[in-house]
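First residue of the sequence shown? That's 4 in our numbering, and the numbers climb one at a time after it. Presented below is the structure to which this report refers.
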Amino acid sequence: MAILVCGGAGYIGSHAVHQLIAKGEEVVIVDNLQTGHRAAINPQAKFYEGDIRNSDCLDKIFTENKIEAVIHFAANSLVGESVEKPLKYFNNNVYGMQILLEGMVKHGVDKIVFSSTAATYGEPEKVPIEENDRTQPTNPYGESKLIMEHMMKWVSRANGVRFVSLRYFNAAGALEDGSIGEDHHPETHLIPLILQVPLGKRDHITVFGDDYPTPDGTCLRDYIHVIDLADAHILALNYLRDGGESNIFNLGNGQGFSVKEMIVTAEKVTGQKIKTEIGARRAGDPAQLIASSDKAKKILKWNPQFADVEKVIATAWKWHKNHPDGYSD
Ligand code: UDP
Numbered sequence: 004m005a006i007l008v009c010g011g012a013g014y015i016g017s018h019a020v021h022q023l024i025a026k027g028e029e030v031v032i033v034d035n036l037q038t039g040h041r042a043a044i045n046p047q048a049k050f051y052e053g054d055i056r057n058s059d060c061l062d063k064i065f066t067e068n069k070i071e072a073v074i075h076f077a078a079n080s081l082v083g084e085s086v087e088k089p090l091k092y093f094n095n096n097v098y099g100m101q102i103l104l105e106g107m108v109k110h111g112v113d114k115i116v117f118s119s120t121a122a123t124y125g126e127p128e129k130v131p132i133e134e135n136d137r138t139q140p141t142n143p144y145g146e147s148k149l150i151m152e153h154m155m156k157w158v159s160r161a162n163g164v165r166f167v168s169l170r171y172f173n174a175a176g177a178l179e180d181g182s183i184g185e186d187h188h189p190e191t192h193l194i195p196l197i198l199q200v201p202l203g204k205r206d207h208i209t210v211f212g213d214d215y216p217t218p219d220g221t222c223l224r225d226y227i228h229v230i231d232l233a234d235a236h237i238l239a240l241n242y243l244r245d246g247g248e249s250n251i252f253n254l255g256n257g258q259g260f261s262v263k264e265m266i267v268t269a270e271k272v273t274g275q276k277i278k279t280e281i282g283a284r285r286a287g288d289p290a291q292l293i294a295s296s297d298k299a300k301k302i303l304k305w306n307p308q309f310a311d312v313e314k315v316i317a318t319a320w321k322w323h324k325n326h327p328d329g330y331s332d
């Protein structure tokens, strides 16, 4: 039996595929390559170029392969873009989930691990954030992921498809050998943008606001290594295999790092001075987003290996140094 990874050519999906194959799992990937990269597709996986909104494509995959479970990463994930183009997010993310769940029900696939986000919480009531805290997304991206969770909840009750939703905080880093990593167009994430300065691709990094109510005035985020995230998906899969009930887990390190701390750490890792300018706040940025991942640690027995943010940035640096233009496709 195989695991169907939707979005297996994307940043987190490609790392999850790598870890699944390393654990001896059989993997089938479907990806429309809208934001994923052909070069990120693991050659040991069977690949279908297709869109999960196309039910014929899913019928073909579910018919040609014995699919035991789905791990679902195929979605748009840029907060800013989602504010500009909410309907793109409702179509690709929400409608995509509907067609995927219809395909799963039709073909009797009853387990799904879902890539969710801290953006489902919106402005946190308190930190660290726990799974039962208020969910009030402040952008269409977070809203689309919350709707997708709700869809799985109701389908789980009506059709017996059990799910685990993993709400990631700030995914970061790359596979340690530097062979796969993060490559977004346009890039909006802090670590790759910081590293573009020592790579000579950007003159400086702009800090989005230094007047937040935090120790150094810049936003605090919880950076979690992509391999630790990938491993959590495998634990979630095994949890469902063992009969675990549908559930939601936060995934983070539980420790907040400020934008300024990230820049200083990147200077240490790269051995270069990183020119910094202070800019205006970015709309919709909460002052701090920090996870409590106690539930994942307790129930899934998740034990992140990259708790040290310097190690996280070092793996990102290795990838970006080896691939200054990303996958170039
Ligand atoms: N950030 C910044 N300058 C940049 C990009 C990001 O100061 O050029 C800040 C952003 O305001 C946030 C943190 O870095 O506080 C992490 O942003 P990112 O976009 O990586 O992830 P998010 O927290 O939005 O998911």
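Note that the Cβ used here is the ideal one computed from N, Cα and C, for glycine as well.
Cα-Cα separation, residue i to residue j
| i | j | result |
| --- | --- | --- |
| N162 | V112 | 10 angstroms |
| I208 | S261 | 14 angstroms |
| P75 | K114 | For clarity, residue 75 is His in the given sequence; the question names Pro instead. Looking at the two C-alpha atoms, the distance is approximately 11 angstroms. |
| V20 | R160 | 29 angstroms |
| M154 | V108 | 13 angstroms |
| A177 | Q199 | 15 angstroms |
| G220 | V210 | 10 angstroms |
| E67 | N57 | 16 angstroms |
| G10 | R205 | 29 angstroms |
| Y226 | F172 | 7 angstroms |
| G181 | E313 | 16 angstroms |
| T38 | K301 | 34 angstroms |
| T123 | L104 | 20 angstroms |
| W157 | A72 | 18 angstroms |
| I150 | R137 | 14 angstroms |
CA nearest to the CA of residue i, picked from the options
| i | options | result |
| --- | --- | --- |
| D288 | T141, D34, Y14 and K324 | T141 |
| L81 | I74, N95 and H75 | N95 |
| V167 | I281, T273, Y242 and Q47 | Y242 |
| G212 | F172, I281 and S85 | I281 |
| L90 | I102, Y144 and T123 | Y144 |
| V116 | G16, G255, K69 and A174 | G16 |
| A77 | G13, N256 and E28 | G13 |
| P127 | S119, V73, L61 and Q139 | Q139 |
| K148 | H187, H110 and Q101 | Q101 |
| D214 | G246, R285 and P189 | R285 |
Simplified DSSP assignment, three categories, for residue i
| i | result |
| --- | --- |
| I281 | strand |
| C60 | helix |
| H153 | helix |
| E67 | helix |
| F260 | strand |
| Q139 | strand |
| E146 | helix |
| L193 | helix |
| S168 | strand |
| A177 | coil |
| D34 | strand |
| K120 | In the sequence under discussion, the amino acid at residue 120 is Thr, which differs from the Lys named in the question. Strand. |
| K88 | coil |
Own chain residues within Cβ distance below 7 angstroms of residue i, not counting five before or after
| i | result |
| --- | --- |
| Q291 | V130, T217, C222, L223 and G259 |
| Q275 | P201 |
| I277 | I197, V200, P201, I208, I266, A269 and E270 |
| I316 | I194, T268, A269 and V272 |
| G83 | T191 |
Residues near residue i in its chain [Cβ-Cβ closer than 6 angstroms; skip 5 each side]
| i | result |
| --- | --- |
| N35 | D54 |
| S249 | S159, R165 and F166 |
| G125 | Q139, P140 and T141 |
If we count Cβ pairs, one from each stretch, closer than 8 angstroms, do we get three or more for the stretch 123-136 versus the stretch 295-304? yes
At least three beta-carbon pairs within less than 8 angstroms, the stretch 190-208 to the stretch 19-35: no
Quick one: any contact between the stretch 305-322 and the stretch 226-234, if contact means 3 or more CB pairs under 8 angstroms? yes
Counting Cβ pairs, one atom from each stretch, are 3 or more of them under 8 angstroms apart for the stretch 53-62 and the stretch 260-276? no
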